[in-house]
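Residue numbers (my numbering): 1 to 256.
These notes are about the structure you will find just below.
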């Protein structure tokens, strides 16, 4: 029963874990003038919710399997099971679903400002999940070795980053780009003698992009957003693929 539940949850990964091509989505987002970033947020939040929920259920299934295994073989797994349950409890906090519809919409409505908060959430959550995941695997291996089922390969940790710092950089660049662009636009509309020149959207864009300061800030903001997008997508995709590796090992160990 325990083995079949583990197998069932591992086989669910085809529906829950969706790696994305980071370079492709950065290119799409740039071509669509940033609209692609909203799709990235939607897809990552959806995968985040489904993957973390599946992983939580897998943690429970492994604990149940090891608990029964210890009793059947008369092996004391008390400390390992207590640690695994404690990690599972910490992980349950992450299993609260993030709204995958509202954040992409807010990113568009705020012209990209809240995109950085959505990225902050996604970055923070995958880092915390990855850390708890590796802690769980290490403890699980100790229990598997005691039951003479061997061990699974422990994945490397994801590159460390500071999501709060990244978010602040993005917000500051966004504010500077908006403030400078507005001032350039307003200055260009004011003609000698206090006459206000009429100008449409295309005219305004030409004025803003022809100014060195506003153009430099817009380019810097675009580069930073593309970098964070690439890094974020890569983190999720790498985590998914590394987890598939140890899940295959786990299924092999519990099927003996």
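The C-beta atom is built at its ideal place from N, Cα and C for all residues, glycine as well.
Bear in mind that the values here come from a model prediction, so they are computed numbers and not experimental data.
Report task. Would you mind stating whether residue 232 and residue 44 have Cβ atoms separated by less than 8 Å? Result -> As a working note, residue 232 is residue 232 in the chain shown. As a working note, residue 44 is residue 44 in the chain shown. Yes.
Report task. Starting from the C-beta of residue 147, find all residues in its chain whose C-beta is less than 8 Å away, skip the five residues before and the five after it, and write them out in chain order. Result -> The residue you call residue 147 lines up with position 147 of the chain shown. Hits under 8 Å: 66, 69, 70, 73, 75, 77.
Report task. Within the same chain, show all residues whose beta-carbon is closer than 6 Å to that of residue 113, passing over the 5 residues directly before and after it, in chain order. Result -> As a working note, residue 113 is residue 113 in the chain shown. Excluding positions up to five away in sequence, the list reads 174.
Requested in this report: Tell me whether residue 93 is buried or exposed, calling it buried when 16 or more other Cβ atoms sit within 10 Å of its Cβ.
Outcome: Indexing the chain shown from 1 puts residue 93 at position 93. By the 10 Å Cβ count, residue 93 comes out exposed.
Query raised in the report: Going by beta carbon distance, what residues of the same chain come within less than 7 Å of residue 29, once the five residues before and after it are set aside?
Result: As a first step, residue 29 must be located in the chain shown, where it is residue number 29. Here the set comprises 36, 37, 40, 229.
Query - Cα-Cα separation between residue 225 and residue 149, rounded to whole angstroms - result: Position 225 of the chain shown, counting from 1, holds the residue named residue 225. Position 149 of the chain shown, counting from 1, holds the residue named residue 149. Rounded to the nearest angstrom, the two C-alpha atoms are 46 Å apart.
Requested in this report: Leaving out five residues on either side along the sequence, give the residues of the same chain with a beta carbon under 6 Å from the beta carbon of residue 51.
Outcome: Here residue 51 is taken as the residue at index 51 of the chain shown, counted from 1. These residues qualify, in order along the chain: 16, 17.
Query - CB-CB length for residue 272 against residue 176, believed under 8 Å - result: With the chain covering 1 to 256 only, the question about residue 272 has no answer from this structure.
Requested in this report: Tell whether a beta-carbon distance below 8 Å holds between residue 88 and residue 57.
Outcome: Looking up residue 88 in the chain shown gives position 88. Looking up residue 57 in the chain shown gives position 57. Contact: no.
Query raised in the report: By a C-beta neighbour count over all protein chains shown, 10 Å radius and 16 as the cutoff for buried, is residue 195 buried or exposed?
Result: Stepping through the chain shown from its first residue, residue 195 is reached at position 195. Note that residue 195 scores 47 on pLDDT, short of 50, meaning its location in the model is unreliable and no value can be drawn from it.
Query raised in the report: On the premise that residue 6 lies in contact with residue 254, defined as a C-beta separation below 8 Å, what is that separation, rounded to the nearest angstrom?
Result: Taking the chain shown and counting its residues from 1, one reaches residue 254 at position 254. Taking the chain shown and counting its residues from 1, one reaches residue 6 at position 6. The pair is a contact, with the Cβ atoms about 6 Å apart (cut-off 8 Å).
Query raised in the report: So is residue 165 buried or exposed if we call it buried at 16+ other beta carbons inside 10 Å?
Result: Locating residue 165 in the chain shown gives position 165, counting from the first residue. Label assigned to residue 165: exposed.
Query - Proximity below 8 Å, CB of residue 236 to CB of residue 126 - result: As a first step, residue 236 must be located in the chain shown, where it is residue number 236. As a first step, residue 126 must be located in the chain shown, where it is residue number 126. Their beta carbons are under 8 Å apart, which means residue 236 touches residue 126 by this criterion.
Query raised in the report: Who are the near neighbours of residue 90 in its chain, counting only those whose CB is closer than 7 Å to its CB and skipping five residues on each side?
Result: As a first step, residue 90 must be located in the chain shown, where it is residue number 90. Taken in chain order, the residues that qualify are 132.
Requested in this report: Return helix, strand or coil for residue 104, following the three-state DSSP convention.
Outcome: Counting from one through the chain shown, the residue named residue 104 turns up at place 104. If DSSP states are grouped into helix, strand and coil, residue 104 belongs with the helices.
Query raised in the report: With burial defined as no fewer than 16 other Cβ atoms inside 10 Å of the residue's Cβ, what is the status of residue 157: buried or exposed?
Result: Locating residue 157 in the chain shown gives position 157, where the first residue counts as 1. Burial call: exposed.
**Report entry** Opening and closing residue of the alpha helix (DSSP H) in which residue 205 lies
**Finding:** Taking the chain shown and counting its residues from 1, one reaches residue 205 at position 205. Start and end: 201-210.
Query raised in the report: Alpha carbon to alpha carbon, how far is residue 109 from residue 102?
Result: For the purposes of this step, residue 109 is identified with residue 109 of the chain shown, where counting begins at 1. For the purposes of this step, residue 102 is identified with residue 102 of the chain shown, where counting begins at 1. Near 10 Å, if we compare the C-alpha coordinates of residue 102 and residue 109.
**Report entry** Outcome for residue 85 when other beta-carbon atoms lying within 10 angstroms are tallied against a minimum of 16
**Finding:** Within the chain shown, numbered from 1, the residue matching residue 85 stands at position 85. So residue 85 counts as exposed.
Query raised in the report: What residues in its chain sit with their C-beta under 6 Å from that of residue 100, if we drop five residues either side in the sequence?
Result: Working through the chain shown from its first residue, we reach residue 100 at position 100. So the list reads 42, 45, 46, once near-sequence residues are dropped.
**Report entry** Residue environment, residue 159, which counts as buried when at least 16 other CB atoms sit within 10 Å
**Finding:** Stepping through the chain shown from its first residue, residue 159 is reached at position 159. The residue in question, residue 159, is exposed, as its Cβ has fewer than 16 Cβ neighbours within 10 Å.
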